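Trainee:
In full-length UniProt numbering, the protein residues as written are 1 to 63.
1. Starting from residue 45 and walking both ways along the alpha helix (DSSP H), at which residues does that stretch end?
2. According to DSSP, is residue 56 part of a helix, a strand, or is it coil?
3. Which residue comes first and which comes last in the alpha helix (DSSP H) that contains residue 26?
4. Mapping the DSSP letters down to three states, classify residue 1 as helix, strand or coil.
5. So, with DSSP's three-state summary, where would you put residue 41?
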C-alpha cells in the first residue's frame, strides 16, 4: 500500500488571461479544461503548485 496521501484537484475557473506562472502550475497538475478533475499524490511539489493557483482550484482529500 502507498502511504502518500492522494488529493483530487478540480479546475473551477478558466486559465484564460491568468498569470503565466499560474497557468504553468495548472498545466503541470494535468488540468486542461474547466471542471476537469485529476487525482494526484500530495507531494510537496504538487502542493506548491496547488497553493500558487489556489483561487482557480478546488481541492478534496481522497480516502
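The beta-carbon is built from N, C-alpha and C at its ideal position, and this holds for glycine as well.
Treat the numbers as computed from the prediction; the structure is a model and nothing was measured.
Mentor: This is what the structure holds:
1. 44-52
2. helix
3. 20-28
4. Because residue 1 sits at a pLDDT of 49, beneath the cut-off of 50, its placement in the model cannot be relied upon, and the following sentence gives the value as read from the coordinates. Three-state DSSP puts residue 1 in coil, outside helix and strand.
5. strand
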